[in-house]
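In the UniProt record's numbering, the protein residues as written are 1 to 585.
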DNA sequence: CTTGTTACTTAGCACTACATTC
DNA sequence: GAATGTAGTGCTAAGTAACAAG
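As structure tokens, this is what we get:
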């Protein structure tokens, strides 16, 4: 078998041809960051900052994933068709937190022998992990229950903190286990070894007067600090991109809820000035200054198409993806006329998570002309907006409205679209099920606007077929019930007694019930088909002001539980009481 | 201005637990 | 009771954006 790069078993497999992760090319001496002393000063001064501040924070520190067990002796590895008798040797040349095994890079000797991944045969290793997963699945009920209880115990011990006197849920209380880095898209660092995190890597953030978390026996924290202007409880630097990972609170916590609420309030403030901003950027399309023009056109695209800002990325560090400001000439095509419309721009690029954005849109003539201008004398690989960065764009936005950045447009347009679509699609006389379908349609309009895609579910075709079969059966049943009803009607007319009347009523109810079921099934089928490749969750969780949905529920008598599950209701608790039925975004 | 660092939000996928159907 | 379908959850990568320093 070939190297299978998908699947979690890889996390535990050996890294074969991983490059040594390069240290980020730090050019000069490390710059001075905020020190602990500065933090203390911040604490006492209560500087005006939009950062949420806390007074007291106590927690247990992160939970360290236990080390993996070594592969048993029987599991063999083949290279180029031959069994490698000595390799890979169990054991680990990296420091491990508990005695055990972890993924590692090849030694110098191994690298001399193993040069091509496609000559590696992982079959036995793969089977070992598949079997292990199957064994776990086949565990008797009591054993599973026991595992569950152990996990719950862990959650109780590590999964909560005390913040300003309240016990709050932590979002991710475990350090990330070592494994092979799985980037998305064509990632240059795919397959590199992600090191095990040790207590020595971890910075703890908590109140000075709290019980400081104990590092695991025989270990020490990298640092313990008390910075009350940040939301994280612990952090460490990861070795692939040398970015910092954080342990933070669950969305249901007060701190996160308030932040979320603020976000939507900023978007609502934009609503008040958006007309002005729009006429402003329209005017700037004709600006004499190139930079201003580019800014105005970019803003138009961000506003109209809900594009992301598009920060610059370091080449070779991540997959080649772009957003608005980092669009290149090769990503758009101009059509003077297409699909019966004028001034059509065709976009085709990879966005966040290497999700393809492919769209043809008619734009206003000045935008079209400007794009033409921006593309003149440029190579396909050149930046479309060569005078523009996200920083300068956001600087401009900040001047137009305090707190305004490019991403606010996405929030704003998503929420406005939901509100508008709900208004258009909901009919008061519809059943609850039909209303929920309308809600999903409105949600879907937003997801499409924001380009939230998903892979077609594995069993989609099959489950769709099953659904169609069910519909067919139901249709036959309805037809049959119709015939029976007719017969009962005729019987009642000839006999006219109470018994036949009763029978007639019964048949009528049966038919109604069946018709209802049929309607529900076809609605389900429509919904399913339309939703095939659209992910609704992301917009629901991150872009749609929950007060819009809650107000809609109240207005149309739909229970909120039909729209938000328990977790979502906890996250949006701030909005539950706030939004009356006439709330307007 | 550029560049690196830091903090936080947004994103899709794998897995799992539970409901439903056979 | 097994098989199947699906909603919910965990995970962590990949963005945005602010800020400091050269």
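Virtual Cβ for every residue (Gly too), placed ideally from N, Cα, C.
- Between residue 250 and residue 171 the beta-carbon gap is near 5 Å, inside 8 Å, which marks them as a contact.
- Residue 565 and residue 126 have their C-alpha atoms spaced approximately 37 Å apart.
- Assigned with DSSP and collapsed to three states, residue 336 falls in strand.
- From the listed residues 472, 474 and 507, the smallest Cα separation to residue 486 is found for 507.
- For residue 235, the uninterrupted beta strand (DSSP E) segment begins and ends at 234-237.
- In its chain, beyond the 5 residues on either side, 442, 446, 544 and 548 have a beta carbon closer than 6 Å to the beta carbon of residue 418.
- In the three-state DSSP reduction, residue 558 falls in the coil class, being neither helix nor strand.
- Distance from the Cα of residue 210 is smallest, within the candidate group 340, 510 and 56, for 56.
- DSSP, read as helix, strand or coil, puts residue 63 in strand.
- Under DSSP, the beta-bridge partners assigned to residue 318 are 315.
- For residue 468, the three-state secondary structure derived from DSSP is helix.
- Within the segment 138-210, the complete alpha helix (DSSP H) runs of at least 4 residues fall at 141-158.
- Residue 437 and residue 524 have their C-alpha atoms roughly 8 Å apart.
- Secondary structure in the segment 250-336: the alpha helix (DSSP H) runs of 4 residues or longer, each lying completely within the stretch, are 254-284 and 290-305 in chain order.
- The Cβ atoms of residue 234 and residue 202 sit closer than 8 Å to each other.
- For residue 530, the enclosing alpha helix (DSSP H) covers residues 498-530.
- Taking residue 396 as the centre and dropping the five residues before and after it, the same chain places the C-beta of 295 closer than 7 Å to its C-beta, in chain order.
- Relative to the Cα of residue 53, the nearest Cα in the group 128, 196 and 229 belongs to 229.
- 554 is the residue among 554, 568 and 281 whose C-alpha sits nearest the C-alpha of residue 584.
- Distance between residue 427 and residue 551, taken at the CA atoms: about 15 Å.
- Looking at the DSSP output, residue 78 shares a beta bridge with 83 and 121.
- Residue 219: not part of any beta strand (DSSP E); DSSP gives it neither H nor E.
- Cβ contact annotation for residue 520 (same chain, cutoff 8 Å, sequence separation greater than five): 433, in chain order.
- Under DSSP, residue 57 takes part in a beta bridge, and its partners are 163.
- Close CB contacts of residue 167 within its chain, under the 7 Å cut and outside five residues either way in sequence, are with 160 (chain order).
- Taking the C-beta atoms as reference points, residue 352 is found nearer than 8 Å to residue 321.
- The continuous beta strand (DSSP E) containing residue 346 extends over residues 341-350.
- Separation of residue 223 and residue 65 (C-alpha to C-alpha, rounded to the nearest whole angstrom) is 20 Å.
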